[in-house]
Structures are given as C-alpha cells and as structure tokens.
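Going down the list, the sequences are from chains A and B. Sequential numbering of the first sequence, starting at 21, is according to the working numbering. Sequential numbering of the second sequence, starting at 861, is according to the working numbering. Where a beta carbon is used, it is the ideal one built from N, C-alpha and C, also for glycine.
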Amino acid sequence: MPTGIVIRGIAYHLPAEGVTNEQLAAEHPGWDMSIVEARAGVVRRHVARPDETALDLAEAACKKLFAQHHEARGHVDAVLFCTQTPDYVMPPNGCVLHGRLGLPEGVFTLDFNHGCSGFPYGLALAQGLALAGFARSILLVTADTYSKCIHPEDRSARVLFGDGAAATWLAAVEGGGGLLDVACATAGKDHGKFIIPAGGCRTPRSDETARPITDDSQNVRTLEHIHMDGMGILKFVSVRVVKQIRAVMERNGVGADDVALFVFHQASNLALDSLTRLLRLPPKKVYRNLARVGNTVSASIPIALEDARREGRVGLGDKVLLSGFGVGLSWATALVRL
Amino acid sequence: MSAVERGRVLALVLSGLNAVLAEAKKTPPEPPGEATLLAGRGAVLDSLGLVSLVVDLEKRTEEEFGAVLTLAQEDSEPQAEGPFRSVGSLTDHLCRLLGQETA
Numbered sequence: 021m022p023t024g025i026v027i028r029g030i031a032y033h034l035p036a037e038g039v040t041n042e043q044l045a046a047e048h049p050g051w052d053m054s055i056v057e058a059r060a061g062v063v064r065r066h067v068a069r070p071d072e073t074a075l076d077l078a079e080a081a082c083k084k085l086f087a088q089h090h091e092a093r094g095h096v097d098a099v100l101f102c103t104q105t106p107d108y109v110m111p112p113n114g115c116v117l118h119g120r121l122g123l124p125e126g127v128f129t130l131d132f133n134h135g136c137s138g139f140p141y142g143l144a145l146a147q148g149l150a151l152a153g154f155a156r157s158i159l160l161v162t163a164d165t166y167s168k169c170i171h172p173e174d175r176s177a178r179v180l181f182g183d184g185a186a187a188t189w190l191a192a193v194e195g196g197g198g199l200l201d202v203a204c205a206t207a208g209k210d211h212g213k214f215i216i217p218a219g220g221c222r223t224p225r226s227d228e229t230a231r232p233i234t235d236d237s238q239n240v241r242t243l244e245h246i247h248m249d250g251m252g253i254l255k256f257v258s259v260r261v262v263k264q265i266r267a268v269m270e271r272n273g274v275g276a277d278d279v280a281l282f283v284f285h286q287a288s289n290l291a292l293d294s295l296t297r298l299l300r301l302p303p304k305k306v307y308r309n310l311a312r313v314g315n316t317v318s319a320s321i322p323i324a325l326e327d328a329r330r331e332g333r334v335g336l337g338d339k340v341l342l343s344g345f346g347v348g349l350s351w352a353t354a355l356v357r358l
Numbered sequence: 861m862s863a864v865e866r867g868r869v870l871a872l873v874l875s876g877l878n879a880v881l882a883e884a885k886k887t888p889p890e891p892p893g894e895a896t897l898l899a900g901r902g903a904v905l906d907s908l909g910l911v912s913l914v915v916d917l918e919k920r921t922e923e924e925f926g927a928v929l930t931l932a933q934e935d936s937e938p939q940a941e942g943p944f945r946s947v948g949s950l951t952d953h954l955c956r957l958l959g960q961e962t963a
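What follows is the structure, given as structure tokens:
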C-alpha cells in the first residue's frame, strides 16, 4: 500500500501576451507605477486573450508535462483541477480536460474551487486519494485567468494578477513519501474580504451589478469584478498564515536552516516581506518570481517551485516549505521533500 | 507611556507616512500631523499606500524599539478603518501594541 506521494514533475504555461508596467502607465497616465513596482513587486504579468481560458492554459501545461515525462501520460488515474475561472458552470473543467487529453475512462476527475491556497490543498487531496488506494498517478492542475474578473480601471487588482496554469505530476510511493506534512485551514466568516459579489446564484448578473463603483482610492469595479480588502488580507497573512507556518515547522522539528527554500504564494512583495520578517527568515531563502509573472493565484506556487528548480535553487532531496493563502479565506502549508 | 515616548511613536508614524508619500510622489495640502486621515474619505493615502505604510511601520518599529509586532491585528476594531483612520489613531494603536499606556 502507498505511504505517500512525491512530486515527479511540474510544467507550466503562460499566455503569450505580457503586459508591462510601462504599458499600463501609458494606458493610464494617472497610475503611478513606480510605487506599484516597489510594493506589489510585479513588473510584467501575462494576460489571456479574450478567447483563451484557464482550461486552454491548463491543456497546454499538461501537454508540456507529458512531453517532459512521457511515462506520465499513460499512467494518470486521477485529475484534480483547481480553478475559479472555469469554462462552464457545468460540466467541470477536469472532465473537459480529460477529454482533450484523451485520457481513459477509468480516470477519477474532480474540480475544486480554491484560489491561492489551491496547490497545497491539492497536495492534501492527492495524498488522500493515494493513501485510500484510489489513485497512484495524479495530475494536479492549478489554473486561473483572473484578468477576466478584474475591471480595467481597478489599479489595485490589475497590476497584481497574472494568468497562468501549472500541471504537477504526483505519484504514490511506498516506504516514505515527499509530502511530509500538510495543514489546511479555513476562515469562512471572512469570505467577504476577497470576493466577486455578483454572477453566481446568490446575486445573478443584472444592470445593477454591472454599474461601475469608484472607491476612495479611485479604483473602479462593478459587483461582477474582484473585490479585495487589502488591509484585511494583510491581517490574515500576518496573523493566521504566520501561525500555521510556525506550527508546521514546530511539529516537524524543522528550523529555517533545515529548509532549502520557502516557496510562498507570490501574493505581492508586501505580503512576502511581511512573512519573511515575521517568521525571521533569511530573505535569500524566500523565493520570488512575481516580478515577471505576477500573482498567478493557484498556479503561483508550482510555477515558483519549477522556476526555482530551473534556477538551481532547489534539487532532488531538498526540503521545501510551501504555503498558499487567499480566497475563502483559506490557507494551507505543506512541507515537502523533493 | 509618557508624552515624550508617545511623541517618539508619533514621530515614527509621521516619518513612515512622509516616506510613503514621497515614494508615491504625493504632496498633501498641509504637512501631516495627528489629525491627518490615512484611510477612507479624505485620506492622504490610497489603499496600496496604507498597506505599504503599515508594513513599513512594522519594520521601523523593530528597528526603533526592537519589537517584532503585527500592526494589522485581526482583533482590531470592527469598523472599516479601525486604528488606521488617522495618524493619531495609528499612533495610539502602536503605543498599545508596544505594551504601554498612552499619556
């Protein structure tokens, strides 16, 4: 019987179009992009075409993964698809992807709607499937196109988020495992701190929900767009996320010296600065790639982990700590041996 | 905390605010003081500027007082801006967190 899972490979795909801060400044002369670059940390983000969806990006990421790991294609027996920007209300993206990839009918598929905590949550789900004997070779897909949910005049969100997809191949193993520990948490009472208020069954789209509203910071959005309480999210990161990361490290007897790299969700420079300072981590051990890709939501951690591997920052056998946090509010931290 | 020590905290908040305003190339109509609004209608900072100030202040507090603290407490006042409404309220909040009574 399996005793755990290991990450066998990661591939990702970004939309071809990159939007730079210079382009945003040219489009919006009133936006001071210098403070945005310093504080958000994003210089360039990739944006999907109008006819390109998270599913399309995910399919491309999976095909890259299969090209790099030929043995994966014929062995996938579960697909976990994390997205908040699916092609349809129904059917689930995982089923459509299953068809596009030509996978056999015996494959278990499941979509889950999580944001920036999606990757470590997905690892927990995959470990559960493996230990229960449901799957031995799992494709964890994390993909989002938040650009489609952001009002073009909302500087606060537009500068931050980028579109992207990652495909991670996880395999069940016996006698150990790479996922050493994972903790998942939820604060549902705070769901309103990060929300698209309209467009679901609770508040269907209407003329009223399409009416633009300008906030005190001159950001424009409608009820059909992303609303994020920046200070509320900062509180959440500074308190609850820090507490969870400390707890995972403590219960595993792990200090900063034992971890090769901390790969946190690439939320913003401000969030990464806070985590680094409050956890007393050496800055060089906290990975950052958001300057070139932005905050890619659930794809952010695997994209960062793969970039870190390509840069030689981590390798086989290294211990990494992953932590994702966002919509829900939801957060999860995983200790992984690569 | 004595008035002098509160003055030290106020100076720290004002120094942080001036740095964020300079970075954002913003010049408020009047020099910042206790009554300067930081959040909500009439504020000198936008939402990004306010979050930047809070993160900066945490860093400056560690340098100045040796205290690693989180200004953005989850149990802070329920109103939207809470302790971040003005320079004065933020100063009081920081004094409280430093574990001392304000004058």
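Inter-residue spacing [alpha-carbon to alpha-carbon] between residue i and residue j
i: I30(A); j: T188(A); result: 4 Å
i: L100(A); j: E326(A); result: 19 Å
i: R20(A); j: A36(A); result: In the structure displayed, chain A extends from 21 to 358; residue 20(A) sits before or after that span and is not available.
i: E79(A); j: N239(A); result: 34 Å
i: S158(A); j: G900(B); result: Ser is not the amino acid found at residue 158(A); the sequence shown has Ile there. Straight-line Cα distance between these residues: approximately 47 Å.
i: A98(A); j: L358(A); result: 21 Å
i: P106(A); j: A354(A); result: 26 Å
i: Q939(B); j: T951(B); result: Bear in mind that a pLDDT of 47 at Q939(B), under 50, signals an unreliable position, so the model cannot answer this.
i: R266(A); j: L281(A); result: 15 Å
i: K168(A); j: H247(A); result: 13 Å
i: S137(A); j: I323(A); result: 14 Å
i: G250(A); j: D227(A); result: 27 Å
i: T223(A); j: H211(A); result: 15 Å
i: L341(A); j: P22(A); result: 22 Å
i: F132(A); j: L77(A); result: 17 Å
i: A319(A); j: G220(A); result: 23 Å
i: P943(B); j: S949(B); result: 5 Å
i: L117(A); j: C102(A); result: 12 Å
i: G867(B); j: L34(A); result: 51 Å
i: T234(A); j: G902(B); result: 14 Å
i: L910(B); j: F128(A); result: 46 Å
i: M53(A); j: L44(A); result: 8 Å
i: T73(A); j: R93(A); result: 22 Å
i: K304(A); j: P232(A); result: 42 Å
i: D183(A); j: P891(B); result: 41 Å
i: T5(A); j: R241(A); result: Lying outside 21 to 358, the shown extent of chain A, residue 5(A) is not represented and no answer is given.
i: E331(A); j: L151(A); result: 32 Å
i: V317(A); j: Q286(A); result: 8 Å
i: A207(A); j: R65(A); result: 29 Å
i: V904(B); j: S946(B); result: 10 Å
Cβ of residue i within 8 Å of any chain A Cβ
i: Q939(B); result: Confidence is the limiting factor: at Q939(B) the pLDDT is only 47, short of 50, which leaves the residue's position unreliable, though a coordinate-based value still follows. No - not a single Cβ of chain A is within 8 Å of the one on Q939(B).
i: E865(B); result: no
i: A927(B); result: no
i: G900(B); result: yes
i: S907(B); result: yes
i: L910(B); result: yes
i: T930(B); result: yes
i: D883(B); result: It should be pointed out that residue 883(B) corresponds to Glu in this sequence rather than to Asp. Yes, its Cβ sits closer than 8 Å to a Cβ of chain A.
i: V915(B); result: yes
i: A903(B); result: yes
Residue i - partner residues in DSSP beta bridges
i: N133(A); result: Note: N133(A) sits in no beta bridge, so no partner.
i: R357(A); result: K339(A)
i: C204(A); result: A352(A)
i: T40(A); result: R64(A)
i: F128(A); result: A98(A)
i: S157(A); result: A191(A)
i: D236(A); result: Per DSSP, none; premise fails for D236(A).
i: T162(A); result: C102(A), A186(A)
i: L199(A); result: V356(A)
Any C-beta of chain B under 8 Å from that of residue i
i: D293(A); result: yes
i: A58(A); result: yes
i: G250(A); result: yes
i: Q264(A); result: no
i: R65(A); result: no
i: V240(A); result: no
i: K339(A); result: no
i: L298(A); result: yes
i: L290(A); result: yes
i: K209(A); result: no
i: V259(A); result: yes
i: I215(A); result: no
Beta strand (DSSP E) segment containing residue i, residue limits
i: I419(A); result: The structure shown does not extend to residue 419(A), since chain A spans only 21 to 358, so no value can be given for it.
i: R28(A); result: 24-33
i: L281(A); result: 281-284
Residue i, enclosing alpha helix (DSSP H) - first and last residue
i: R175(A); result: 175-178
i: I265(A); result: 262-271
i: G138(A); result: 138-151
Problem set entry | Whole runs of the alpha helix (DSSP H) within the stretch 869-952 of chain B, excluding any shorter than 4 residues | Runs found: 907-925.
Exercise. Taking the runs of the beta strand (DSSP E) that are 3 residues or longer, which of them lie wholly in the stretch 45-112 of chain A?
Worked result: With a minimum length of 3 residues, the unbroken runs of beta strand (DSSP E) contained wholly in the stretch 45-112 of chain A fall at 64-66, 98-102.
For this session: Enumerate, from N- to C-terminal direction, the unbroken alpha helix (DSSP H) stretches of 4 or more residues contained entirely within the stretch 298-343 of chain A.
Result: If we require 4 residues or more, the alpha helix (DSSP H) runs fully inside the stretch 298-343 of chain A come out as 310-313, 320-330.
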